[in-house]
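Line order of the protein sequences matches chains A and X.
Residue 1 is where the first sequence starts when you use full-length UniProt numbering, and the numbers rise one by one after that.
Residue 1 is where the second sequence starts when you use full-length UniProt numbering, and the numbers rise one by one after that.
The beta-carbon is built from N, C-alpha and C at its ideal position, and this holds for glycine as well.
Structure, as structure tokens:
Protein chains: 2
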Amino acid sequence: MGGDETRWLEPDELETWLSYVAATTLLEGALDRQLQRDAGMPHAYYQILAMLSESPDRSLRMSELAAITQSSQSRLSHAVARLECKGWVRRKPCPEDRRSTFAQLTEEGFAALAAAAPGHVRTVRRHLFDRLTPEQVGQLREITRAVLSGLGVPGGDPRDVLPG
Amino acid sequence: MGGDETRWLEPDELETWLSYVAATTLLEGALDRQLQRDAGMPHAYYQILAMLSESPDRSLRMSELAAITQSSQSRLSHAVARLECKGWVRRKPCPEDRRSTFAQLTEEGFAALAAAAPGHVRTVRRHLFDRLTPEQVGQLREITRAVLSGLGVPGGDPRDVLPG
DNA sequence: CTCCAATGGTTGAGCATTCAATCGTATAGT
DNA sequence: ACTATACGATTGAATGCTCAACCATTGGAG
Numbered sequence: 001m002g003g004d005e006t007r008w009l010e011p012d013e014l015e016t017w018l019s020y021v022a023a024t025t026l027l028e029g030a031l032d033r034q035l036q037r038d039a040g041m042p043h044a045y046y047q048i049l050a051m052l053s054e055s056p057d058r059s060l061r062m063s064e065l066a067a068i069t070q071s072s073q074s075r076l077s078h079a080v081a082r083l084e085c086k087g088w089v090r091r092k093p094c095p096e097d098r099r100s101t102f103a104q105l106t107e108e109g110f111a112a113l114a115a116a117a118p119g120h121v122r123t124v125r126r127h128l129f130d131r132l133t134p135e136q137v138g139q140l141r142e143i144t145r146a147v148l149s150g151l152g153v154p155g156g157d158p159r160d161v162l163p164g
Numbered sequence: 001m002g003g004d005e006t007r008w009l010e011p012d013e014l015e016t017w018l019s020y021v022a023a024t025t026l027l028e029g030a031l032d033r034q035l036q037r038d039a040g041m042p043h044a045y046y047q048i049l050a051m052l053s054e055s056p057d058r059s060l061r062m063s064e065l066a067a068i069t070q071s072s073q074s075r076l077s078h079a080v081a082r083l084e085c086k087g088w089v090r091r092k093p094c095p096e097d098r099r100s101t102f103a104q105l106t107e108e109g110f111a112a113l114a115a116a117a118p119g120h121v122r123t124v125r126r127h128l129f130d131r132l133t134p135e136q137v138g139q140l141r142e143i144t145r146a147v148l149s150g151l152g153v154p155g156g157d158p159r160d161v162l163p164g
């Protein structure tokens with residue numbers, strides 16, 4: 001394993017990296033706190049409900065749901081179990097492929113999502129979009145798309161992981 | 001509590017937001033997996049060791065360390081407890097203020113950090129900086145600084161939380 | 001000096017996530 | 001048809017994090 005010359009970060013890259021880590025950590029923390037306090041769910045669970053709410057019949061296969069929420073199957077399985085306990089999601093067997101399971105948003109789940117949404121969007125706006133110029137929003141979109149395409153999401157559009 | 005007209009995200013804002021969430025989630029996941037696999041520590045612990053290694057005497061007060069790692073005091077206390085068990089960090093009482101505690105990087109901790117650093121930097125490069133143009137790096141720095149300043153980090157430089 | 005609020009830090013309970021192992025089902029190869 | 005492999009999903013143990021409660025120390029205010 002020769003060739004051990006590591007290419008360290010340049011000063012401006014290091015500064016960017018530290019700033020990136022700090023900002024994403026604090027932003028995710030703020031999002032989680034707001035949602036936990038006002039809606040009794042972490043941000044990851046909000047995302048699950050939100051993705052379900054936009055899908056036909058408000059339901060998706062577990063593996064599809066895992067893909068669009070950037071979640072491992074295990075993580076999603078635990079999460080859906082908890083959401084099911086809260087009455088926000090319901091599991092349904094898939095007749096065509098009996099390995100598969102659908103997760104479906106319940107009415108209560110939709111209501112919880114609808115109640116949580118305004119506060120969540122306000123928080124996202126306050127901490128992100130209100131601080132950026134329109135140009136910066138476009139730049140951020142291109143930057144995150146580039147990162148996504150390097151992480152195995154073709155085209156960088158997160159919804160591309162969903163089949164046809 | 002009137003005025004319940006929520007200002008929802010515009011289509012391009014929504015697309016940016018989804019892309020941002022996906023990219024940051026996957027990137028943090030990739031970082032955590034690589035460090036856990038190759039160095040036996042999550043990314044948050046790497047950061048703790050890294051910040052200590054750059055401080056005078058390789059040591060910092062717990063509350064200072066919490067601030068520069070964007071960590072709650074509780075989180076840091078648990079983390080340092082674990083790092084202490086691994087022999088990577090040592091606690092020392094502060095003579096001037098007996099409420100305060102110093103966390104100091106041990107030689108073993110420094111060695112573990114040094115061993116972990118090349119792989120970590122390679123991962124950061126591969127997933128982030130290698131995918132961005134120099135202009136985009138600058139844009140990302142400005143964007144994250146703007147977000148930071150909105151989250152209570154003056155000037156948006158994460159090191160500004162450190163006194164002196 | 002005494003009390004009281006603020007500060008620095010720790011603790012324990014509960015929740016979320018990861019990893020590895022497992023189970024049942026589907027699919028392909030022979 | 002029979003077997004091996006892959007797939008979709010779940011489980012349990014171990015780890016990390018959050019929240020709230022707590023303890024000890026400090027710095028004032030009266």
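1) Using only CA atoms, which one of A/10, A/89 and A/123 lies nearest to residue 138 of chain X?
2) Residues in the stretch 11–27 of chain X with C-beta within 8 Å of chain A's C-beta atoms, listed in sequence order?
3) May I have the straight-line CA-CA distance separating residue 149 of chain A from residue 74 of chain A, to the nearest angstrom?
4) Return the Cβ separation of residue 132 of chain X and residue 49 of chain X in integer angstroms, given the expectation that the two are a contact with Cβ distance under 8 Å.
5) Using a Cβ-Cβ cutoff of less than 6 Å, which residues in the same chain neighbour residue 100 of chain A once the five nearest sequence positions on both sides are dropped?
6) Using three-state DSSP, classify residue 71 of chain A as helix, strand or coil.
7) Ends of the alpha helix (DSSP H) at residue 53 of chain X?
8) My understanding is that residue 103 of chain X touches residue 91 of chain X, with C-beta atoms under 8 Å, so please give their C-beta distance in whole angstroms.
9) Determine the direct distance from the alpha carbon of residue 153 of chain A to that of residue 22 of chain X, and round the result to whole angstroms.
10) Is the shortest distance between the beta-carbon of residue 118 of chain X and the beta-carbons of chain A less than 7 Å?
11) Counting beta carbon pairs with one atom in the stretch 119–126 of chain X and one in the stretch 30–43 of chain X, are three or more of them shorter than 8 Å?
12) Going by DSSP, what residue range makes up the beta strand (DSSP E) through residue 89 of chain A?
13) Should residue 127 of chain A be flagged as near chain X, meaning a C-beta pair shorter than 7 Å?
14) Return the CA-CA distance between residue 69 of chain A and residue 25 of chain A, expressed in angstroms with no decimal places.
15) Any chance the CB of residue 153 of chain X is under 6 Å from a heavy atom of the ligand ATP?
16) List the DSSP bridge partners of residue 102 of chain X.
17) Here's the rule I'm using: 16 or more other beta-carbon atoms within 10 Å means buried, otherwise exposed. How should residue 87 of chain X be labelled?
18) Give the C-beta separation of residue 14 of chain X and residue 59 of chain X to the nearest angstrom, bearing in mind that I take them to be a contact with Cβ-Cβ under 8 Å.
19) Between the C-alpha atoms of residue 6 of chain X and residue 52 of chain X, what's the straight-line distance to the nearest angstrom?
20) Report the three-state DSSP secondary structure of residue 21 of chain X (helix, strand or coil).
21) Here's the rule: buried if 16 or more other CB atoms are within 10 angstroms of the residue's CB, otherwise exposed. What is residue 37 of chain A?
Straight from the coordinates:
1) With distances taken between Cα atoms, residue 138 of chain X lies closest to A/10.
2) If the cut-off is 8 Å between Cβ atoms, the stretch 11–27 of chain X has 12, 13, 15, 16, 17, 18, 19, 20, 21, 22, 23, 24, 25, 26 and 27 near chain A.
3) Looking at the two C-alpha atoms, the distance is approximately 24 Å.
4) About 26 Å; that fails the 8 Å criterion.
5) 61 and 94.
6) Residue state, collapsed to three classes: coil.
7) Where residue 53 of chain X is concerned, the enclosing alpha helix (DSSP H) stretches over 43–53.
8) For residue 103 of chain X against residue 91 of chain X, the beta-carbon gap comes to about 6 Å, under 8 Å, which counts as contact.
9) Approximately 9 Å, taken between the alpha carbons.
10) At least one chain A Cβ lies under 7 Å of residue 118 of chain X.
11) The answer is yes - the stretch 119–126 of chain X touches the stretch 30–43 of chain X, with three or more Cβ pairs under 8 Å.
12) Unbroken beta strand (DSSP E) run through residue 89 of chain A: 89–93.
13) Judged by the 7 Å Cβ criterion, residue 127 of chain A is in contact with chain X.
14) The straight-line gap from Cα to Cα measures roughly 18 Å.
15) Questions concerning the ligand ATP fall outside what the structure shown contains, since it holds no ligand whatsoever.
16) Within the DSSP bridge table, the entry for residue 102 of chain X names X/61 and X/92 as partners.
17) Here residue 87 of chain X is exposed. Its C-beta has fewer than 16 other C-beta atoms within 10 Å.
18) Contact flag wrong, Cβ pair sits at about 45 Å.
19) Rounded to whole angstroms, the separation of the alpha carbons of residue 52 of chain X and residue 6 of chain X is 44 Å.
20) Correct three-state label for residue 21 of chain X: helix.
21) Exposed is the call here.
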